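4 protein chains.
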Amino acid sequence: MHVTHTEIEVRYAETDQMGVVHHATYLVWFELGRTRFIKELGFSYPKMEENGVLAPVTDINISYKKPFRYGDTATIKTWLDDYSGLRAIYGYEIYNEQEELCITGTSSHVLVNKETFKPLIMKKVLPDWHMAYMDAMNPSRQER
Amino acid sequence: MHVTHTEIEVRYAETDQMGVVHHATYLVWFELGRTRFIKELGFSYPKMEENGVLAPVTDINISYKKPFRYGDTATIKTWLDDYSGLRAIYGYEIYNEQEELCITGTSSHVLVNKETFKPLIMKKVLPDWHMAYMDAMNPSRQER
Amino acid sequence: MHVTHTEIEVRYAETDQMGVVHHATYLVWFELGRTRFIKELGFSYPKMEENGVLAPVTDINISYKKPFRYGDTATIKTWLDDYSGLRAIYGYEIYNEQEELCITGTSSHVLVNKETFKPLIMKKVLPDWHMAYMDAMNPSRQER
Amino acid sequence: MHVTHTEIEVRYAETDQMGVVHHATYLVWFELGRTRFIKELGFSYPKMEENGVLAPVTDINISYKKPFRYGDTATIKTWLDDYSGLRAIYGYEIYNEQEELCITGTSSHVLVNKETFKPLIMKKVLPDWHMAYMDAMNPSRQER
């Protein structure tokens, strides 16, 4: 399974008056992990949007175990957790410098047309990407 | 069951290049609903923090059914979904002006000490608030 | 001179670890004041964008005199400070509940085409809006 | 004069419905440049705050010449523009990958006590930092 590592330095603006990173920020960090994951597989999220395809989020689950603070560096692990041909689910784990697991989560995405927001079939609109995701779910196939 | 209604006008800065509200924004809207819910029950989240008690989020689940756009007005319904004495779970539904259900979610919270981040028992540190939440979960008791 | 009043409750997510509203947030509040100002004059910023016209910011000056905190309510006064036919400059003052002046600023805007980002002449693309802004700068003319 | 270079990849969440980075975001980027500048001079903004000293912004001027888009990488140049012993003014220029100057600005800061928000004299509370800033303004002195 391909797992992407993305390093992030906490931004001052990401903290709140609790003295820690505001909990909504981690959804933005997930997005950074996702962008990097897609890039490492050889695709480009910005180019996909330029071609009229969007991948909006349909569901997010997130658990907060330990907070991050300004001055900390975080490492986001990102992988493809499930892919059915229609829906892609990414998994995330965020670790601190002491390698403690601080945040876990998943995000589900579908493809839609940029103008109409109507659903699109990945296999049809992005066949190469579809193949790469099928392989990512069945790594043994790739190894044969 | 007490359900709070909070109205929000979409901010330009809340949109992203998809032309809709960025998905992390709704966690901030949940927070606005929660603040109002607490206020309607007669308590004050800002005052609680001044007294050294924080209520960090431990888990969030959110489903995105329909996006909001700049120019839209949203209504957030917020209620206490579960309260065990230790953990409070709030429920949220966000509706558009056509009364369509667009976003649903829950958030779980515990109480911790502001300085040490160690867990606190609501019954001990906020007994009135504890009673109000017990009543909110067992409305019949209140009616007797 | 027309001055719009916009009330805002500080959001928790707008605070930072200093315990006050993060300084970048006030640019978003200026934007809320501007949206309301335009609405009160009878126009719609969202509709303008749907018609292919954008009004990007070219310059902002902002002075921070007193911070806002979670639990505070702010009042943003917004007016048209200068309008040359090409460039519109809005003025802003943000007051707290004690009517102390906390934040002041201005923002300059031009009109551009949504697709090409090339400059547009307000008089040509939005003649009614142009007239209203000319009147706003020369209120005596209106009174005659 | 010491000039720090900070590279930033545009985040999806930083864009707005104009399809470009929202104008308030650049204040956050300035902050990233400032944090790095201070680090390169051998000091730590997070540690300063832990020691009870804050450096709030008192004024910002910013000019927007060319927008950034998702997929772009930005380089923020940051330097100490003026330092009087009381007030530090930082200068910023943000360049795109084509080395075009896109954003310019300055931010003014004073030191205050974390609890009281009362002004502090840098020379007294942070004498080493004061010396480094005096040197940064008079580089010839350092060279002698």
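Chains as they are written, first to last, in our numbering: chain A, 922 to 1065; chain B, 922 to 1065; chain C, 922 to 1065; chain D, 922 to 1065.
Backbone N, C-alpha and C define an ideal beta-carbon position, used for all residues, glycine too.
Computed from a predicted model, the values in this text were never measured in an experiment.
Check                                                                                                                                                                                  : Outcome
Let me know if Asp-1049 of chain D comes out buried or exposed under the rule of 16 or more other beta-carbons within 10 Å of its beta-carbon.                                         : exposed
Checking 8 Å against the spacing of the C-beta atoms, do Leu-975 of chain B and Val-1033 of chain B come in under that value?                                                          : yes
Would you please verify whether the beta carbon of Val-949 of chain D is less than 8 Å from any beta carbon of chain C?                                                                : yes
Please return the same chain residues whose Cβ sits closer than 7 Å to the Cβ of Glu-1021 of chain B, not counting the five positions on each side in sequence.                        : Lys-987
DSSP three-state label for Leu-1047 of chain C, please.                                                                                                                                : coil
Of the choices B:Thr-996, B:Ala-1053, B:Ser-1005, whose alpha-carbon is the least far from that of His-926 of chain B?                                                                 : B:Thr-996
How big is the Cα-Cα spacing for Glu-970 of chain C and Val-924 of chain C?                                                                                                            : 24 Å
Among D:Asp-993, D:Ile-1024, D:His-943, D:Met-1043, which one has its Cα closest to the Cα of His-1030 of chain D?                                                                     : D:Met-1043
Hey, quick one: how far does the beta strand (DSSP E) through Leu-1022 of chain C stretch, first residue to last?                                                                      : 1022-1030
Go ahead and pull the three-state DSSP assignment for Ala-945 of chain C.                                                                                                              : coil
Can you give me, in chain order, the residues of the stretch 925-941 of chain D that have a beta carbon less than 9 Å from any beta carbon in chain B?                                 : Tyr-933, Ala-934, Glu-935, Thr-936, Asp-937, Gln-938, Met-939, Gly-940, Val-941
For Gly-1026 of chain C and Arg-957 of chain D, what's the separation of their Cα atoms in angstroms?                                                                                  : 27 Å
So what's Asn-1034 of chain B in DSSP terms, helix, strand or just coil?                                                                                                               : strand
Excluding the 5 residues preceding and the 5 following His-944 of chain A in the sequence, name in chain order all residues of the same chain whose CB lies nearer than 7 Å to its CB. : Tyr-985
Any beta carbon from chain D within less than 8 Å of His-923 of chain A's own beta carbon?                                                                                             : no
Should Tyr-947 of chain A and Glu-952 of chain D be called a contact, given that it needs their Cβ atoms to be closer than 8 Å?                                                        : no
Check the Cβ-Cβ distances between Gly-954 of chain D and every residue of chain C, and say whether any is below 8 Å.                                                                   : no
Roughly how many angstroms lie between the CA atoms of Phe-989 of chain A and Cys-1023 of chain A, to the nearest whole one?                                                           : 8 Å
Mind checking who Leu-1041 of chain B pairs with in its DSSP beta bridge?                                                                                                              : B:Leu-1032
Check whether the Cβ of Pro-1048 of chain C lies closer than 8 Å to any Cβ atom in chain D.                                                                                            : no
Taking C-beta pairs closer than 9 Å, name the residues in chain A that Ala-945 of chain C reaches, listed in chain order.                                                              : Ala-934
Would you kindly check if the distance between the Cβ of Gly-940 of chain A and the Cβ of Pro-1116 of chain D is under 8 Å?                                                            : As displayed, chain D neither begins before 922 nor continues past 1065, which places residue 1116 of chain D out of reach and without an answer.
Does DSSP put Asp-937 of chain C in a helix, in a strand, or in coil?                                                                                                                  : coil
I need the straight-line Cα distance from Glu-911 of chain B to Gln-1019 of chain D, nearest angstrom please.                                                                          : For chain B, the structure presents residues 922 to 1065; residue 911 of chain B sits outside this window and is missing.
May I have the straight-line CA-CA distance separating Leu-889 of chain D from Val-942 of chain A, to the nearest angstrom?                                                            : Outside the shown range of chain D (922 to 1065) lies residue 889 of chain D, about which nothing can therefore be said.
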